[in-house]
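Counting from 16, one number per residue, gives the positions in the sequence shown under my numbering. Glycine residues also receive a C-beta, built at the ideal position from the N, C-alpha and C atoms. Notes follow once the structure below has been shown.
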Amino acid sequence: MPSSKIQKNVITVRGRERSLTIKQKNLFSNLDKYKLDFSLLKKDKKYKGSKLFFEIGFGSGDIIYRQAKLNPNDLFIGVEYYRKGITQLIEKIENNNIENIKILHGDARKILMNIPDGIFEEIWLFFPDPWPKNRHEKRRFIQLDMIDTLASKIKKDGKLLISSDDKNYIGWTLSLLLMKNCFNWLALGPSDWRLPNNDYFGSRYEKKGIKSDREPYFLKFQKI
Ligand SMILES: C[S@@+](CC[C@H](N)C(=O)[O-])C[C@H]1O[C@@H](n2cnc3c(N)ncnc32)[C@H](O)[C@@H]1O
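Given below as structure tokens:
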């Protein structure tokens, strides 16, 4: 299991954790219900035949929630650093009786190290914090060793989907992924990076960008 080295004190999230309201604290206290023990995954009959999808930094959980609702036979696992986002996803799950979402709380770089290899159909990294300044490039989620880690967790022919409305981040991501031999970039022409997959729903963060005239780009890679 290759692991991504995490440099001490290098963070990938922006801002600071704000304190939670009482309602959010109550929702967060339900997190245990949504935890996933990967070692039990194969033994649990409930997930037999399910495809596994993994979202890194789901924010308020708009995309993972809608995909889980649309595909009840598959299992959707999301990681988020901030508790507020987690409470927003828990609220959606509980209001809509969704049974196929698991939630992991913390730094996805560390969490990935403890996930078995070759299990995901797709990994999604939608609108990661762009860290546009050159001196902050270490904070970007996509790094050369992270690409190895992501590739190791995806099944052969599985996909890595990355989107951003920051041209610099898209350029950075493409250049690092093309340097590695783990993925093929599934793009034949501009519509392939200007348009998302057919069943894709935008996120709140993406809509904010569109309102401010930031065009979204969608990169789709297939594991070799
Ligand atoms: C710009 S927001 C985008 C959220 C969401 N993907 C969307 O499209 O609305 C980036 C999110 O990634 C989360 N994040 C950044 N680095 C992370 C990490 N290392 N582990 C877990 N979550 C992370 C942040 O907390 C934030 O919620």
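Bridge partner(s) assigned by DSSP for residue i
{"i": "Gln-237", "result": "Lys-174, Asn-199"}
{"i": "Ile-138", "result": "Phe-69, Leu-175"}
{"i": "His-120", "result": "Glu-95"}
{"i": "Ile-169", "result": "Phe-135"}
Own chain partners of residue i with C-beta closer than 7 Å, once the 5 adjacent residues on each side are dropped
{"i": "Ala-166", "result": "Cys-197, Phe-198, Lys-238"}
Close-in-space but distant-in-sequence residues of the same chain around residue i (CB under 6 Å, 5 per side omitted)
{"i": "Arg-31", "result": "none"}
{"i": "Ile-134", "result": "Leu-67"}
{"i": "Tyr-220", "result": "Gly-74, Phe-142"}
{"i": "Gly-100", "result": "Gly-74, Ser-75"}
{"i": "Ile-71", "result": "Val-94, Ala-123, Leu-140"}
Residue i and residue j closer than 8 Å at C-beta
{"i": "Ile-177", "j": "Thr-164", "result": "no"}
{"i": "His-247", "j": "Leu-46", "result": "Any question about residue 247 goes unanswered here, given that the chain covers just 16 to 239."}
{"i": "Ser-65", "j": "Leu-90", "result": "yes"}
{"i": "Ile-298", "j": "Leu-234", "result": "It is not possible to answer for residue 298, since the shown part of the chain is limited to 16 through 239."}
{"i": "Glu-236", "j": "Leu-175", "result": "Before going on, a small fix: residue 236 reads as Phe here, not Glu. Result yes, Cβ atoms of Phe-236 and Leu-175 sit closer than 8 Å."}
{"i": "Asp-214", "j": "Leu-85", "result": "yes"}
{"i": "Asp-173", "j": "Glu-136", "result": "In the sequence as presented, Asp is not what sits at residue 173; that position holds Gly. Going by C-beta atoms, Gly-173 is nearer than 8 Å to Glu-136."}
{"i": "Ala-83", "j": "Asn-110", "result": "no"}
{"i": "Ile-92", "j": "Lys-117", "result": "yes"}
Nonlocal neighbours in the same chain, by C-beta distance under 8 Å from residue i, ignoring five residues either side
{"i": "Asp-180", "result": "Phe-142, Glu-221, Gly-224, Ile-225, Arg-229, Glu-230, Pro-231, Tyr-232"}
{"i": "Leu-191", "result": "Ile-157, Gln-158, Leu-159, Ile-162"}
{"i": "Ile-126", "result": "Val-94, Leu-119"}
{"i": "Lys-171", "result": "Gly-133, Lys-238, Ile-239"}
message = Could you tell me which whole beta strand (DSSP E) segments of length 3 or greater appear in the region 25–77?
response = The region 25–77 contains, as complete beta strand (DSSP E) runs of 3+ residues, the segments 67–71 (chain order).
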